[in-house]
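K.L.:
Sharing a structure with you now.
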Amino acid sequence: MTAILVFEQLLNGLQFGVMLFLMAAGLTLVFGIMNLVNLAHGSLYMVGAYAAVAAINWTGSWLAGVALGLAATLAIGMLTEVLALRALYERDHLDQVLATFGLILFFNEAVAILFGRTALYMTLPAWLQGHVEIIPGSIYPVYRAAVIALGLIVAVALWYVVARTRLGMLIRAGASNRAMIAALGVNIRLLYTIVFGFGAALAGLAGLMAGPIYAVQPGMGDSILIQVFVVIVIGGIGSVRGALVGAILVGVVDTLGRAFLKPLLGQVISAPAAEAAGPALASMLIYLLMAVVLAVRPAGLFPGK
Amino acid sequence: MLEVSDLRKSFGALRASDGISLEIREGETHAIIGPNGAGKTTFIAQLAGNLRPDSGAIRFAGEDVTRMPTHQRARRGLARSFQITSVFLDFTALRNVALAVQAHERRVGFWRDARKDPALNERARQCLRDVGLDGRFDVPAVNLSHGEHRQLEMAMALATRPRLLLLDEPMAGMGADESQRMIGLLSRLKGSHTIVLVEHDMDAVFRLADRISVLVYGRLIATDTPERIRANEEVRRAYLGEDL
Amino acid sequence: MKKELVFWFVCAALLAVLPPVMSAIGQPYYIDLVRRIMILAIAAVSLNLILGYGGLVSFGHAAYLGVGAYAVGILAFYGVTAGWLQFAVAIAASAVVAAAIGSISIRTSGIYFIMITLAFTQMLYYLGISLDVFGGDDGMRLRTRSQFPLIDLGDPVASYYVALAFMLIAVFVVFRIVNSRFGMALRASKSNEARARAVGISPYPYRLAAFVIAGAWCGLAGALYANHTNYITPGFMSWQQSGELMFMVILGGMASTAGPVLGSFALLLLEEVLKGWTEHWQVILGPLLVLSVILFRRGLAGVFYKPDA
């Protein structure tokens, strides 16, 4: 367990965290502004991955495929908003949870019908393959480094939009007082659709970025969705800053836990016990983290609303 | 009975409660009046435990309740009614009051049917009769008129055997008849209960109150008997020539 | 009240004659199907206590189905097959887990509560997956069925009647609880929380107690379920299972005694029909569920009789 190994796992944690952030930012904005619990957010992640794979195969070009895939996800997201989610804005959270749960069943099966149940893999173009030396002695996959870089760029861009632009001002105002911005004559419908589109695009981006790293299969959005929930609960619902902090925290804790908990435990207790307990504990780590954060700060680290 | 010492509460730059000190004597009916925006609702909320003061203290029957949660104040005899009627709409009038009765008893049952519990029902019916809701026992609360909701709230407050009644605009939204009925009810309760009354209806205030406190911009500018308050220059100015 | 009693009598009678009828016409499959529905109905009845009457949107109720099932499975794995002991451990373990999860979750409300209950259940799910000794992802077979004197849970008809009995008992127990003083305070807290506090009721202890009771009953359902499926997987604790349980409660009509039972039959029979049509039944069920939420509010129980106040 060398320093180099720890560094690499930290980078992996950062990469995972960045993907969690892309998902969490969209979800927390949608919740903060539209008061909508959207379980189908994970499905948009999945749609992003599948759309990209399909588009890449169809066009033969990675870049074109990615762009097309992203556009397709945006379109599907908006269509879902118009058809199903619009009816839910005024309903209580229970109804939203149940309805979007139904959407998940639909999307998972639809994708299985179109692409089958076996996992697909996304191939990378040559310029994203291989390794790069970040610090002397440590080589790191180019693709993962690119994911981190892109994620951070998006985080900065998102911060800029929310903090510095007119749209961001409307978003922040809407998060704290929905009725007020409607009274000011802002087209609420349009604002909601834009915000939802944002969220869908971010989820789709996370999905297609996940393609080469994780398997593209039906249901891939479900487990990450729950981890995104943990991020949002830790960060504070409605807060993009909280989403970033929470995402990095969760990403790093989860990755380091899975990598090092078993060997660490093995130093303290017997090897077979560590063999069994290590992975079990590692998978529970982020939930325990959530419980601890909640005990101290019941509304998350940066309570937005 | 109730001692408020230098109560302060600010919302940003707005000083909703700006050093309020007040003493409510046992058995008196004490009205709190003031122009809109004076901070009356904020004051009541702090007395009831819905809002934490920034500083200052509240003592109820000798006990410091400043940081005590609402339900514990209720169990110690501090009952309140809400400015915007708040009852259990899913239940009948009888059930509403029975719940209030139940809350003040030690026994919690998991098995016996509370709907048929004579101890709860008898006392609930009595409270409903006391406020004039005789015969409306089994009406679902959602079907009661606005005035009847107010009466129901009073019944619930009485059911808890309160030592102090905190009434937030009990006349609000009432027609002439209903107002007279409510004033009648409150007159019957005078003396046997300590009442703190926040009201705009000056007719009610001057008929019921033993003493009146005037709240303006978060500060108490006068506390006195009704006649002296009527004559008070500062109070008249605060109401900008309104008919007192 | 009369109408309700008639309804339950008819229900119980119909369910009681099902096995002999199905055996007579040579369709024993339906005995298994209805047994499964009744066991899951117990879980739905327990969820209705906290969701329908308590207003707690717990998206993690399947956790206790899993805890109960694994309690039976793990004990059987180590050779402890006495039914009373297994079931007692299943119920106790579920109660303890519910107390732990509830004590943290119930301090929150709204969207936080939903997400947190979901997250904790997912944690248990991952725990189940990572325990290779008990089958991990694949789950494990139940070594031997729970052994009870006089009753052989391996006999399809006997276990059917056991499930029926427990379902009726569960319905009755929840009925008594929600009309007791405890239940009234719980329902009042859901109806108007500020008002409840104002009369002196603190919602937290009532909600936590209800949460634990619901968890314990669901653990019992889990123990029965393990004996029914003869195979225990982490999937019992999946959030899809939690969602299914919630739909069973909602479709039938929340805050009514018959609701969860009606909803269980409705949803699970619908799934059965759809599964017969296509392996991709979820692509049809999904939109149906979405539509049911958007269009309907009162549920099936409202059709039969008015839910009691």
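Protein chains in written order, with the numbering used here: chain A, -18 to 286; chain B, 407 to 650; chain C, 6 to 314. Note that beta-carbon positions come from the ideal geometry of N, C-alpha and C, so glycine has one too. From a predicted model like this one, the values you see are computed outputs, not experimental measurements.
1. For tyrosine 2(C) and aspartate 519(B), I'd like the C-alpha separation in whole angstroms.
2. Can you check which of these residues, Leu172(A), Tyr141(A) and Val137(A), is closest to alanine 154(A) by C-alpha distance?
3. Give the residues of chain C in contact with glutamine 489(B), contact being defined as C-beta atoms less than 7 Å apart.
4. What does DSSP give as the partner residues of alanine 152(C) in its beta bridges?
5. Any heavy atom of the ligand FMN closer than 7 Å to the beta-carbon of leucine 420(B)?
6. Measuring straight from C-alpha to C-alpha, what distance separates proline 161(C) and isoleucine 85(A)?
7. Locate the beta strand (DSSP E) running through tyrosine 121(A), then write down its first and last residues.
8. So, does the CB of threonine 600(B) fall closer than 8 Å to a CB anywhere in chain C?
9. Can you check whether the CB of glycine 224(C) is closer than 8 Å to the CB of glutamine 152(C)?
10. Compare the C-alpha of phenylalanine 180(C) against each of Val15(C), Leu294(C), Arg41(C) and Ile47(C) and name the closest.
11. Please determine if the stretch -17 to 1 of chain A and the stretch 140 to 155 of chain A are in contact, where contact requires at least 3 C-beta pairs separated by less than 8 Å.
12. Can you tell me whether proline 33(C) is buried or exposed? The criterion is at least 16 other CB atoms within 10 Å of its CB, across all chains shown.
13. Taking the alpha carbon of alanine 36(A) as the reference point, which residue from Val123(A), Leu266(A) and Gly50(A) has its own alpha carbon closest?
14. Out of Leu3(A), Ala224(A), Ile116(A) and Asn(-7)(A), point me to the one whose CA is closest to leucine 189(A)'s CA.
15. Threonine 448(B) versus chain C: which residues are under 7 Å apart at the beta carbon?
16. Could you name the residues of chain A that histidine 285(C) contacts, counting a contact when the two beta carbons are closer than 8 Å?
17. On the DSSP letters alone, give me the boundaries of the beta strand (DSSP E) that leucine 273(C) sits inside.
18. With 8 Å as the threshold, decide whether the Cβ of aspartate 313(C) is near any Cβ in chain A.
19. For arginine 146(C), does the three-state DSSP call read helix, strand or coil?
20. Considering just the uninterrupted stretch of the alpha helix (DSSP H) at serine 593(B), what are its terminal residues?
21. Please determine, among Tyr70(A), Ile94(A) and Met15(A), the residue with the shortest C-alpha to C-alpha distance to glycine 200(A).
22. Using a Cβ-Cβ cutoff of 9 Å, what residues of the stretch 443 to 467 of chain B are near chain C? List them in chain order.
23. Quick one, are the C-beta atoms of glycine 202(A) and glycine 83(A) less than 8 Å apart?
24. Which residues of chain A have a Cβ atom closer than 8 Å to the Cβ of glycine 258(C), listed in chain order?
25. Going by other Cβ atoms of all chains shown within 10 Å of its Cβ, with 16 needed for buried, is glycine 192(A) buried or exposed?
26. Taking Cβ-Cβ distances shorter than 9 Å, what residues in chain C pair up with aspartate 496(B)?
27. I'd like to know whether the C-beta atoms of arginine 556(B) and proline 576(B) end up nearer to each other than 8 Å.
28. Can you tell me where the beta strand (DSSP E) holding alanine 485(B) begins and where it ends?
29. Would you call the stretch 533 to 541 of chain B and the stretch 560 to 567 of chain B in contact, with 3 or more CB pairs under 8 Å?
30. Chain A partners of serine 135(C), CB-CB under 7 Å?
31. Taking only the alpha-carbon atoms, compute the straight-line gap between arginine 501(B) and isoleucine 206(C) and give it to the nearest angstrom.
32. Residues of chain C with CB closer than 8 Å to the CB of histidine 74(A), please, in chain order.
33. As a quick exercise: from Ala6(A), Val128(A) and Ala181(A), pick the residue whose alpha carbon is nearest that of asparagine -7(A).
34. Closer than 8 Å, CB to CB, is glycine 590(B) near chain C or not?
35. Tell me which residues of the stretch 265 to 276 of chain C have at least one Cβ-Cβ distance to chain A shorter than 7 Å, keeping chain order.
36. At least one CB of chain C closer than 8 Å to the CB of phenylalanine -3(A): is that the case?
P.N.:
Concretely, from the data shown:
1. The structure shown does not extend to residue 2(C), since chain C is modelled only from 6 through 314, so no value can be given for it.
2. Leu172(A)
3. Chain-ordered listing is empty here: chain C has no CB closer than 7 Å to the CB of glutamine 489(B), the nearest sitting near 12 Å.
4. The question names alanine, yet the displayed sequence has glutamine at residue 152(C). According to DSSP, glutamine 152(C) bridges with Ala87(C) and Asp157(C).
5. This structure lacks the ligand FMN; in fact it carries no ligand of any kind.
6. 35 Å
7. 119 to 122
8. The beta-carbon of threonine 600(B) is placed no less than 8 Å from the nearest beta-carbon of chain C.
9. Contact check for glutamine 152(C) against glycine 224(C) fails: the beta carbons are separated by 8 Å or more.
10. Taking only the C-alpha atoms, the option nearest phenylalanine 180(C) is Ile47(C).
11. no
12. exposed
13. Closest option to alanine 36(A), Cα to Cα, is Gly50(A).
14. Leu3(A)
15. What threonine 448(B) touches in chain C, judged by beta-carbon distance under 7 Å, is nothing: the nearest beta carbon there is about 16 Å away.
16. Glu90, Ala93 and Ile94
17. No beta strand (DSSP E) contains leucine 273(C), which is instead part of the alpha helix (DSSP H) from 264 to 282.
18. Residue confidence for aspartate 313(C) is low, a pLDDT of 45 falling below 50, so the modelled location carries little weight; the figure read from the coordinates is stated next. No, its Cβ sits nowhere closer than 8 Å to a Cβ of chain A.
19. strand
20. 582 to 595
21. Ile94(A)
22. Ala454, Gly455 and Asn456
23. no
24. Neighbours of glycine 258(C) on chain A: none; closest Cβ ~14 Å, over 8 Å.
25. Per the 10 Å Cβ criterion, buried.
26. Within 9 Å of the CB of aspartate 496(B), the CB atoms of chain C belong to Arg192, Ala193, Lys195, Ser196, Asn197, Ala260 and Ala314, in sequence order along the chain.
27. yes
28. Alanine 485(B) -> beta strand (DSSP E) spans 484 to 487.
29. yes
30. Pro260, Ala261 and Ser264
31. 14 Å
32. Val62, Gly115, Ile116 and Ile119
33. Cα-wise, what sits closest to asparagine -7(A) is Val128(A).
34. Between glycine 590(B) and chain C, the shortest Cβ-Cβ separation is not below 8 Å.
35. none
36. no
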